[in-house]
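Enquirer:
Residue numbers (this note's numbering), protein chains in the order written: chain D, -10 to 100; chain G, 5 to 119.
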């Protein structure tokens, strides 16, 4: 069955450091991989998309990589700030529009 | 656009009662998704529609759950009869296959508590 795993349930890092979150998947051939941010009591909000033929995508302090051979995506937040504290979810989207999510990693940035 | 609108925001009901959750997607979006989120199982896809037609309902846990999309601007998720293990936050999301990012836009969710 299709499975998405995010490497850790929680990650705590010092402000200013780079946060790296991992997303692995099995039994799936996604057309896109997306990353979302979720704050407590709210729905997920889209951050970045990377396509199967792209290796890397950047947006401001965010960077996403996508390795279809390893079936893995890495999500980096550079120069992290306490405001970056949230749960981050990876999502796989097939060409048929179905979107499935990982369980998320709760990121805490301490001052 | 006001975004995806879900109602009610909170619902407390007794076991055995029927529960109906409602969703108004973003105008012009052609895909609609229902998800359930719990601490134990994360964000699970229950069912999704393309152009008002149910495409994949393999995530619907059992026959007590049903979803409809009678038109492009409205969808319901019904649980009958409800059970305590149905307690969760239910999210509706919509997206458009015509956009570059193909991202899903989520509503605020309905927090369901079955006692």
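Where a beta carbon is used, it is the ideal one built from N, C-alpha and C, also for glycine. Given the structure is predicted, the values throughout are model-derived calculations rather than measurements.
Which whole runs of the beta strand (DSSP E) in the region 22 to 88 of chain D are 3 residues long or more, in chain order?
Expert: For the region 22 to 88 of chain D, whole beta strand (DSSP E) runs of length 3 or above, ordered along the chain, are 34 to 40, 45 to 48, 51 to 56, 61 to 66 and 75 to 82.
Enquirer: By the criterion of Cβ-Cβ separation under 9 angstroms, what are the contact partners of residue 105 of chain G in chain D?
Expert: The contacting residues are 21, 23, 35, 37 and 38.
Enquirer: Taking all protein chains shown into account, decide if residue 19 of chain D is buried (16 or more other Cβ within 10 angstroms of its Cβ) or exposed.
Expert: So residue 19 of chain D counts as buried.
Enquirer: At 7 angstroms on the CB atoms, spell out the chain D contacts of residue 101 of chain G, in chain order.
Expert: Those within 7 angstroms of residue 101 of chain G in chain D are 86.
Enquirer: Against residue 78 of chain D, what residues of chain G qualify as contacts under a CB-to-CB distance less than 9 angstroms, listed in chain order?
Expert: In chain order: 46 and 47.
Enquirer: From the DSSP secondary-structure annotation, give me the bridge partner or partners of residue 6 of chain G.
Expert: BP columns for residue 6 of chain G are empty, so no partner.
Enquirer: Can you pull the chain G neighbours of residue 31 of chain D, defined as C-beta to C-beta under 9 angstroms?
Expert: Within 9 angstroms Cβ-Cβ: 110, 112 and 113.
Enquirer: Checking contacts by CB at 8 angstroms: is residue 93 of chain D closer than that to chain G?
Expert: By this cut-off, residue 93 of chain D is an interface position.
Enquirer: Checking 8 angstroms against the spacing of the C-beta atoms, do residue -1 of chain D and residue 94 of chain D come in under that value?
Expert: Yes, they are a contact pair.
Enquirer: By alpha-carbon positions, which one of D/24, D/90, D/98 and D/71 ends up nearest to residue -6 of chain D?
Expert: With distances taken between Cα atoms, residue -6 of chain D lies closest to D/90.
Enquirer: How long is the line joining the alpha carbons of residue -8 of chain D and residue 115 of chain G, rounded to whole angstroms?
Expert: Distance between the alpha carbons of residue -8 of chain D and residue 115 of chain G is about 26 angstroms.
Enquirer: Measuring only the C-alpha atoms, how far is residue 109 of chain G from residue 119 of chain G?
Expert: The alpha-carbon atoms of residue 109 of chain G and residue 119 of chain G are separated by roughly 30 angstroms.
Enquirer: Say whether chain D places a C-beta atom closer than 8 angstroms to the C-beta of residue 31 of chain G.
Expert: No, its Cβ sits nowhere closer than 8 angstroms to a Cβ of chain D.
Enquirer: Which whole runs of the beta strand (DSSP E) in the region 60 to 105 of chain G are 3 residues long or more, in chain order?
Expert: Counting only runs of 3 or more, we get 69 to 75, 78 to 83 and 92 to 99.
Enquirer: Between the Cα of residue 49 of chain G and those of G/105, G/103 and G/93, spot the shortest distance and give me the residue it belongs to.
Expert: That would be G/93, whose Cα lies nearest to the Cα of residue 49 of chain G.
Enquirer: Identify, in the order they occur along the chain, each residue of the same chain with its Cβ nearer than 7 angstroms to the Cβ of residue 99 of chain G, setting aside the five sequence neighbours on each side.
Expert: Within the same chain, residue 99 of chain G has close Cβ partners 33, 35, 106, 107, 108 and 109.
Enquirer: What do you get for residue 72 of chain D, buried or exposed, if any count of 16 or more other CB atoms within 10 angstroms of its CB means buried?
Expert: With fewer than 16 Cβ atoms within 10 Å of its Cβ, residue 72 of chain D is classed as exposed.
Enquirer: Please report the straight-line C-alpha distance between residue 73 of chain G and residue 80 of chain G, rounded to a whole angstrom.
Expert: Going by the C-alpha atoms only, they are around 7 angstroms apart.
Enquirer: Assess contact between the region 26 to 36 of chain D and the region 72 to 82 of chain D, defined as three or more Cβ pairs (one per stretch) separated by less than 8 angstroms. Is contact present?
Expert: Contact holds: three or more Cβ-Cβ distances are below 8 angstroms.
Enquirer: Thinking just about the alpha-carbon of each residue, which of D/70, D/92, D/22 and D/45 is nearest to the one in residue 8 of chain D?
Expert: Closest option to residue 8 of chain D, Cα to Cα, is D/70.
Enquirer: Please list, in chain order, the chain D residues whose beta carbon lies closer than 7 angstroms to that of residue 35 of chain G.
Expert: Under the 7 angstroms cutoff, chain D gives 86.
Enquirer: Near residue 70 of chain G, which residues of its chain fall below 7 angstroms by C-beta distance, leaving aside the five closest residues on each side in sequence?
Expert: Same-chain partners within the cutoff: 82.
Enquirer: Using a C-beta to C-beta distance shorter than 8 angstroms, which residues of chain G count as neighbours of residue 82 of chain D?
Expert: By Cβ distance, chain G contributes 106.
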